[in-house]
Amino acid sequence: MHDDVDLVLSDREMPGMDGIELLSRIRDRHPGVVRIMLTGSASLDVAVRAINEGAVERFLLKPCSGAVLRAEIGEALRRQGERREAARIRSGVRRRKRQDLEVSRDARGAYALSAERVKTLHARLDSGPLAFLLDED
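Count along the sequence shown starting at 1, add 807, and that's the number in our numbering.
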């Protein structure tokens, strides 16, 4: 499946493979793809399997009008866009946190170096003003 696939609409009954099995495989391999099941044989068992195994976003009954189908697909894609945007924002926040930690570590290291430098200068001063002036450091 290509990365540009956003949604799969599957019937439950298909030749060769059950729609729930198909959507389950898609969920496992491409968890970001929205999955919608359309069926003419609705039962509680089928609906539960579709939700639990196929992780369907919507479970629609046939006959389903074109207007309802368009609305459900549009809404599912809108929610998917919101999830992607939220993931993008979380990723940016994590990246900024890592950068802030690096800056903080660098600043602590610079402070530790300057504190060590001050100790060295104090030690030189304690050994006498002439030793401090003659030191080439």
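From the three backbone atoms N, C-alpha and C, an ideal C-beta is built for every residue, glycine too.
Margin query: Does residue 817 come out as helix, strand or coil in the three-state DSSP assignment?
Written below: strand
Next item on the list: Return the first residue and the last residue of the beta strand (DSSP E) that residue 841 is part of.
Entry: 841-846
Notebook entry, point to check: Of the choices 872, 815, 829, whose alpha-carbon is the least far from that of residue 821?
Noted result: Closest option to residue 821, Cα to Cα, is 829.
Notebook entry, point to check: According to DSSP, what are the bridge partners of residue 865?
Noted result: Looking at the DSSP assignment, residue 865 forms a beta bridge with 843.
Check: Sorted by chain position, which residues of the same chain lie with C-beta nearer than 6 Å to residue 847's C-beta, five sequence neighbours on each side aside?
Finding: 869
Margin query: I'd like the span of the alpha helix (DSSP H) that includes residue 831, first residue to last.
Written below: 826-836
Notebook entry, point to check: Quick one: is residue 873 buried, meaning 16 or more other Cβ sit within 10 Å of its Cβ, or exposed?
Noted result: exposed
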